[in-house]
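In full-length UniProt numbering, the protein residues as written are 1 to 255. Yeah, the Cβ is synthetic: ideal placement off N, Cα and C, and Gly gets one too. Okay, structure first, notes after.
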């Protein structure tokens, strides 16, 4: 799509049996050959069923086509360990990330592993590897609901950025499932609640990655702000992100 071009007049319209959440992610299927699926489509139903559709070229379908069961992978998020309400979702090729009302984050290898395979789902925890007793104790320190999730590649590492309603901004290394940063955006005295998160591309020359957080005002009259946070990172053997970013604010004034 391009602002200078008209919206395509032809394409593929998919109809699902159940209403969908306002989320969808589509990407090319890696290593696809002629006759194989060329696109991966991730969607989520309002009842909590995650669906992966393996699609061929739109022009290979005719009106009324029904996708083969072999081209659809689905699983119910509510049947897994975590059953709190889903509040945020993000996808990348081979991975679906779910954030919940209780502050938990879980990564599913959808498109990479079968749902029944070991390691298909992994919850990101502060206490990974410390022990079950400590796990249960640590969960008493509840986090706010997950507000938004974004991903970025930094120094060839896939990072996950998670924003919580209580102001916690956490950065995780997806492959090692380790937490790199825990920063609270409320420390910057922005009025309102953090609600949205956008992560920019890493600047390898400056060794900086910037992100923006929307703080929605709760006072009357309300004034929303965009907080811009720049984290420095090291490119050595031990990858590190700075625990304290540089911060600037952009007020969003009504016209």
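Option nearest residue i by Cα separation, candidates the options
i, options, result
"residue 251", "145, 212, 153 and 230", "212"
"residue 53", "239, 79, 25 and 231", "25"
"residue 179", "125, 29 and 147", "125"
"residue 188", "71, 123, 249 and 232", "249"
"residue 174", "55, 123, 38 and 185", "123"
"residue 227", "233, 247, 239 and 238", "247"
"residue 95", "56, 59 and 40", "40"
"residue 57", "172, 13 and 99", "13"
"residue 97", "181, 238 and 44", "44"
"residue 171", "117, 239, 55 and 60", "239"
Rounded distance between the beta-carbons of residue j and residue i, thought under 8 Å
i, j, result
"residue 150", "residue 92", "In fact, because the Cβ distance is near 10 Å, the residues do not count as touching under 8 Å."
"residue 197", "residue 165", "About 12 Å; that fails the 8 Å criterion."
"residue 20", "residue 46", "7 Å"
"residue 210", "residue 235", "The Cβ separation is near 17 Å, so there is no contact."
"residue 225", "residue 200", "The Cβ separation is near 18 Å, so there is no contact."
"residue 88", "residue 147", "6 Å"
CB contact flag (residue i, residue j, <8 Å)
i, j, result
"residue 160", "residue 103", "no"
"residue 245", "residue 215", "no"
"residue 101", "residue 84", "yes"
"residue 86", "residue 119", "no"
"residue 75", "residue 22", "no"
"residue 281", "residue 145", "Lying outside 1 to 255, the shown extent of the chain, residue 281 is not represented and no answer is given."
"residue 186", "residue 167", "yes"
"residue 38", "residue 28", "yes"
"residue 253", "residue 232", "no"
Local Cβ density within 10 Å of residue i, reported as buried at 16 or more and exposed below that
i, result
"residue 50", "buried"
"residue 241", "buried"
"residue 169", "buried"
"residue 121", "buried"
"residue 15", "exposed"
"residue 42", "buried"
"residue 11", "exposed"
"residue 18", "exposed"
"residue 72", "exposed"
"residue 190", "buried"
"residue 99", "buried"
"residue 5", "exposed"
Across the region 201–208 and the region 151–163, are there enough close Cβ pairs to call them in contact, namely three or more that are closer than 8 Å?
yes
Is the region 105–119 close to the region 61–71, with three or more CB pairs under 8 Å?
no
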